[in-house]
Structures are given as C-alpha cells and as structure tokens.
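Residue numbers (my numbering), protein chains in the order written: chain C, 1 to 169; chain A, 1 to 294.
By construction, the Cβ of each residue, glycine as well, lies at the ideal position given by its N, Cα and C atoms.
Keep in mind the model is a prediction, meaning the values are calculated, not measured.
Working notes, beginning with the structure itself.
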Amino acid sequence: MSLDDFRAFYEAHFHFAWRVLRRLGARDDELPDLLQEVFLVAHRKLPEFEGRGRVTTWLFSICHNVFRSARRRRREQPLAEDATSETIAAGRAREDVLSARELLLGLPEEQRIVFLLFELEGLSGDEIAEALSIPVGTVRSRLRLARESFRSALETVTREPTGAGYRNV
Amino acid sequence: MSDPKRLLEAGGNASELERELLAREITTLPSEKLEQAVWQRVLVALPPIGPGSPGGGNGAGGDGGLSGTGAAGGSTGGAAAGGASAAAASTGAGGVLVGAAKASGLGVAKALAIGVFAGTVAVTGAAELSERVAPGVTVPADRRESAAEPVLEPPAPRLRSAAAAAPSLPAPTLPASRRSFARSDEAIVPPAQPGSASARFEMPTSDLASRTRAERLALERARQALRGGDPGTALTLVEGASQTGSVLAQEREVLAIEALSAAGRSAEARTRARSFMSRFPGSPHQNHVVQFAR
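Have a look at this one:
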C-alpha cells in the first residue's frame with residue numbers, strides 16, 4: 001500500500017475511529033494515543049484484510065481491541081465521564097451530562113456498542129453480528145435493552161429537580 | 001426478521017429530546033488539529049519512508065514507498081518521539097531535530113513530520129485538540145462567547161442548505177431554553193435536506209486540504225441521508241462532492257453505488273460497481289462492492 005493510499009484510508013476513516021473511541025469511553029486526553037495506535041494497527045493489517053465485510057466493521061474491531069487493551073493497561077482509570085445518577089447527585093453541571101454520549105457511557109458496554117453501531121453509525125444487525133461475532137438475534141435483544149437503558153437514563157436526568165424545565169419533553 | 005427502525009428514522013419512535021440528542025451526537029466531529037496531529041504521529045511511527053515521501057503536511061504528495069508490511073511502532077514510541085521533538089522545537093533547534101533524526105535512523109521527511117507535529121502540540125493542549133465547531137454551522141451567540149478555542153482553520157467550505165430540519169433527521173438546533181445542552185466545543189454537521197438538489201458544497205478555496213475536508217463532510221452528510229432512507233439526496237451530495245484525483249475517490253464511489261442500489265437503480269449500480277472493481281483492484285471495499293456488480 002502506498003502512502004497516498006494509506007493517507008486516503010486515514011482521511012476516509014479518521015472520523016469514524018474518533019467517534020467510536022470516544023463513544024466507547026475514551027477520554028479526550030487519551031484519544032491521540034488511541035487513534036495513533038488504531039491506524040498503526042490498521043496499516044499493519046490492511047494487507048491481510050480480505051474484505052469479507054465492510055471496512056467499518058473491520059476498523060471497529062481494531063478500535064475496540066485497542067480501547068480494551070488500553071483499559072487493561074490502565075485498569076485503575078475510570079471511563080471518560082461517569083454519567084450515572086450518582087455522579088449527577090454529586091452535583092455535576094447538567095449541561096455536561098445531557099448528551100447522548102454521556103448517557104451512552106452509563107450503559108453496560110455490550111449494550112452501548114450495539115446502540116452506537118446501530119443507531120449512530122447506521123450498521124445493520126447482520127453487520128454488527130459479524131463485527132462482534134454474535135448471533136443477529138443477540139444483537140437485536142441487546143439493542144432493545146440498550147434503548148430501554150438509554151431512555152431510562154434520560155428519564156432519570158430529566159426528572160432531577162433542577163431539570164424541571166425539561167420534564168414535559 | 002428485519003432490523004427495527006432506527007430511532008432517528010421516520011417512524012423510529014423517538015421522543016423529541018432523544019432525537020435532538022442523537023442528532024447532535026452523530027454530527028459531532030473531531031477537530032482538524034487533532035486529525036493533523038494524529039496523522040503526524042502515525043507517520044512518525046510507520047516503517048521507514050523513502051526520500052520521495054511527502055513527509056507529512058496534508059499528505060498530498062507522491063508515493064513515499066511505504067511497504068505496508070513492516071511492524072508498526074505502537075503508540076508509545078510515537079508519543080515519545082513526538083514529545084522529544086516537541087522539546088527540540090520549543091527551543092528552536094530545528095537543525096538539531098533533523099540531525100538527531102538522522103542519527104537515530106529516522107528519515108529527514110519523518111523528522112520534518114515530527115517537527116510539524118511538535119509545532120502543533122506546542123500550541124495546542126490535548127483538550128483543545130478534541131472537538132471543533134464545524135464549518136457552515138451557525139453558532140448561537142451565547143455559545144460563541146463561551147467558545148475557548150481560537151479560530152485556527154483556513155477558510156472553510158460552506159453548506160448551502162443547513163436551515164431546515166429533515167423529517168428523518170432533525171437538525172440539532174436547540175431552543176433557547178435548552179441551549180445549555182450544547183457544549184461550546186462541539187462540532188456539528190448539518191443534516192441534508194431530503195430531496196434538495198441544492199444540498200451540495202461550495203468550495204471557496206482551491207487548497208487541497210480544505211477541498212478534502214469539504215468532500216469528506218459532504219460524504220458524511222450523504223451517508224446520513226442514505227441512513228435516513230433518502231438515497232436521492234445521498235446521491236446528489238456524492239455527485240456534488242466529486243473531485244478529480246481525490247483521496248476519497250473510493251469512499252465516494254462506494255457510497256454512490258450504495259445510494260444507486262437503495263434508489264432502485266440496480267443497472268446503474270451494477271455498472272458503477274464493475275467500474276469500481278476494475279479501477280481499484282486492490283481496494284479493501286472490493287468484496288463489499290462485488291455484491292452490487294452481480
């Protein structure tokens with residue numbers, strides 16, 4: 001692969017890798033290192049990519065593995081932003097909490113991944129099943145649970161006393 | 001059994017607030033500074049690059065002779081190199097930087113790349129690198145006032161149609177009462193208006209990097225439109241973003257093929273898929289595209 005080709009690959013997929021990593025829970029200060037590692041791994045493995053699926057599902061797997069490896073190396077580090085109700089109760093500013101990403105980070109990882117790939121990245125159930133090596137039925141059940149969790153988290157936030165203005169949304 | 005409708009699709013059964021939050025999330029972009037900085041770090045950590053390489057910058061130069069089979073250095077090495085060169089750059093020791101690079105076996109091109117990265121890092125904090133306000137987005141006055149990030153970008157491409165909310169993908173504009181939802185450092189790509197023939201980019205500059213960014217933004221909007229069940233708009237955006245010799249040519253073609261197929265224009269999709277396969281024989285998209293060529 002020429003440098004031009006790899007640059008094109010980078011240009012085409014940098015945003016995707018950035019979105020996936022931050023939605024998996026990478027902190028802003030981790031992103032440069034993680035993104036660098038993702039594209040170095042991708043560069044190393046691109047010649048072996050057989051194109052059985054979409055490039056994005058393949059790249060997602062690299063992002064996920066890089067993120068998990070980083071988490072193992074820094075096990076003491078929490079996720080980027082803990083958006084649990086406990087954190088809210090501890091007095092975090094509401095505007096910092098009420099984003100889809102913050103809500104997503106409060107979901108169990110397996111639900112979060114299915115939600116972000118299906119709802120935010122537009123992958124099909126079959127593609128997600130392939131990326132995660134799980135049956136498509138499992139993808140759909142995780143998606144259903146993820147939606148419930150997402151809505152529940154959103155309701156929790158909007159029910160907070162200081163969120164009175166958002167109750168009727 | 002088919003997939004359920006996505007929450008952002010028409011009939012996706014999402015509340016207004018859910019749609020706002022999700023629409024905002026899918027249109028958030030990284031900063032261009034982060035993209036450039038990471039590219040410099042990747043370039044530094046790649047296997048040795050020949051003297052004909054572009055050595056960083058926008059990467060628009062010729063083939064640097066990258067083998068593609070060597071072992072990647074990993075983030076630690078790249079970060080260390082970046083840190084070391086940042087120190088060199090901060091003392092103005094450009095000659096030392098190149099000399100040290102030669103002594104350590106790095107090519108001069110890579111050393112220059114390190115220097116560019118160091119210069120970027122020297123003026124940029126990690127948080128500042130993260131997100132940006134996207135071009136063509138009207139930022140409410142209250143957000144502009146609170147935005148800490150200095151404007152460092154060249155003239156940006158402008159979106160012609162960003163005002164109306166799409167039924168299947170609402171624009172992430174927030175009522176005044178909810179502007180506190182929006183962080184001041186987020187970037188947003190306005191969704192395309194379904195069926196709008198004017199949903200394409202203006203290219204106000206001939207600068208290659210700006211054109212590439214504009215094309216990529218157009219392709220992301222096209223992908224959103226396709227995801228939202230509007231292949232016609234997706235196709236308009238793809239064709240409007242077309243550039244000769246673009247580094248995103250493969251991505252553009254794949255998206256066009258998918259949009260043609262989704263629009264029921266199977267014969268055109270097939271023709272274009274076959275053309276793609278002959279134009280880009282080593283593409284990682286080959287096995288995805290082949291399904292449309294049959």
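Best match in the options for proximity to residue i [C-alpha to C-alpha]
i: A:G240; options: A:L217, A:A273 and A:E18; result: A:L217
i: C:A8; options: A:H288, A:N287, A:F280 and A:V289; result: A:F280
i: A:P231; options: A:S261, A:E220 and A:A214; result: A:S261
i: A:T271; options: A:G282, A:S283, A:V254 and A:P284; result: A:V254
i: A:A10; options: A:A259, A:L226 and A:E35; result: A:L226
i: C:R147; options: C:E102, C:E127, C:Q111 and C:S124; result: C:Q111
i: A:L29; options: C:R19, C:L104 and C:R73; result: C:R19
i: A:G228; options: C:S69, C:R54 and C:E119; result: C:E119
i: C:R54; options: C:S99, C:V139 and C:S124; result: C:S124
i: A:S283; options: A:S266, A:D3 and A:Q250; result: A:Q250
i: A:T27; options: C:E121, C:R71 and C:R44; result: C:E121
i: A:F276; options: A:P47, A:A293 and A:A267; result: A:A293
i: A:D3; options: C:E37, C:Q36, C:E102 and C:I128; result: C:I128
i: C:E12; options: A:L7, A:T233, A:R223 and A:S278; result: The sequence given here places Ala at residue 12 of chain C; Glu does not occur at that position. Of A:L7, A:T233, A:R223 and A:S278, the residue nearest in Cα terms is A:R223.
i: C:L105; options: C:F150, C:L117 and C:E130; result: C:F150
i: A:M1; options: C:V157, C:D4 and C:D126; result: C:D126
i: C:I62; options: C:R73, C:R23, C:E37 and C:R72; result: C:E37
i: A:Q40; options: C:R71, C:F6, C:R72 and C:F49; result: C:F6
i: A:E268; options: A:L235, A:S242 and A:L46; result: A:L235
i: C:E130; options: C:T158, C:W58, C:D4 and C:F49; result: C:W58
i: C:H15; options: C:L46, C:T56, C:G25 and C:L145; result: C:T56
i: C:A42; options: C:E102, C:L116, C:E109 and C:M1; result: C:M1
i: C:V114; options: C:D29, C:L145, C:R75 and C:L34; result: C:L145
i: C:Y10; options: A:V42, A:E215, A:E258 and A:L219; result: A:V42
i: C:P108; options: C:F39, C:L143 and C:S69; result: C:L143
i: A:L46; options: C:F49, C:P47 and C:F39; result: C:F39
i: C:E102; options: C:A17, C:A26 and C:D4; result: C:A26
Residue i (DSSP reduced to helix, strand or coil)
i: A:P30; result: strand
i: C:P47; result: helix
i: C:N65; result: helix
i: A:S275; result: helix
i: A:N287; result: helix
i: C:S152; result: helix
i: A:S261; result: helix
i: C:F9; result: helix
i: C:A26; result: coil
i: A:G12; result: coil
i: A:R24; result: helix
i: C:F14; result: helix
i: A:F280; result: coil
i: A:G228; result: coil
i: A:L7; result: coil
i: A:P47; result: coil
i: A:A72; result: Any reading at A:A72 needs caution, since the residue's pLDDT is 37, under 50, leaving its predicted position unreliable; the model's value is listed next. In this structure, A:A72 counts as coil in the three-state DSSP scheme.
i: A:L235; result: helix
i: A:R294; result: coil
i: A:S266; result: helix
i: C:A100; result: helix
i: C:R94; result: Only weak support exists for where C:R94 lies, its pLDDT of 45 falling under 50; the value from the coordinates is given anyway. Of the three classes helix, strand and coil, the one that applies to C:R94 here is helix, per DSSP.
i: C:R54; result: coil
i: A:L255; result: helix
i: A:D142; result: Interpretation of A:D142 is limited by its pLDDT of 38, a score under 50 that renders its predicted location unreliable; no figure is taken from the coordinates.
i: A:L217; result: helix
i: C:R74; result: coil
i: A:A222; result: helix
Contact test: residue i Cβ vs the ligand MG heavy atom, cutoff 6 Å
i: A:R6; result: Although the ligand MG was asked about, the structure shown includes no ligands whatsoever.
So, does the region 11-30 of chain A touch the region 128-135 of chain C, judging by three or more C-beta pairs under 8 Å? no
Near-chain C residues of the region 261-294 of chain A - C-beta to any C-beta below 7 Å: P284, H285, Q286, N287 and H288
Contacting positions in the region 117-134 of chain C - beta carbon closer than 7 Å to chain A: F118, E119, L120, G122, S124 and G125
Going along the chain, which residues of the region 6-17 of chain C sit with their C-beta nearer than 7 Å to a C-beta in chain A? F6, R7, A8, Y10, E11, A12, F14 and H15
Taking a cut of 8 Å between CB atoms, which residues from the region 38-51 of chain C lie near chain A? Of all residues in the region 38-51 of chain C, only F39, L40, V41, H43, R44, L46, P47, F49, E50 and G51 come within less than 8 Å of chain A when Cβ atoms are compared, listed by chain position.
What ranges does the alpha helix (DSSP H) occupy inside the region 106-150 of chain C, keeping only unbroken runs of at least 4 residues that lie completely in it? 109-115 and 125-132
Taking any Cβ of chain A, which residues in the region 24-35 of chain C have a Cβ under 8 Å from it, in chain order? Residues D28, D29, L31, P32, D33, L34 and L35.
According to a CB-to-CB cut-off of less than 8 Å, which residues of the region 6-27 of chain A neighbour chain C? R6, L7, L8, S15, E16, L17, E18, L21, L22, R24, E25 and I26
Residues of the region 26-46 of chain A with a CB closer than 8 Å to any CB of chain C: list them in chain order, please. I26, T28, L29, P30, L34, E35, A37, V38, W39, R41, V42, A45 and L46
Relative to chain A, which residues along the region 139-160 of chain C have a C-beta separation below 9 Å, given in chain order? V139, R140, L143, R144, R147, F150, R151, L154 and T158
Give, in chain order, every residue of the region 248-262 of chain A whose Cβ lies closer than 8 Å to some Cβ of chain C. L248, A249, Q250 and E251
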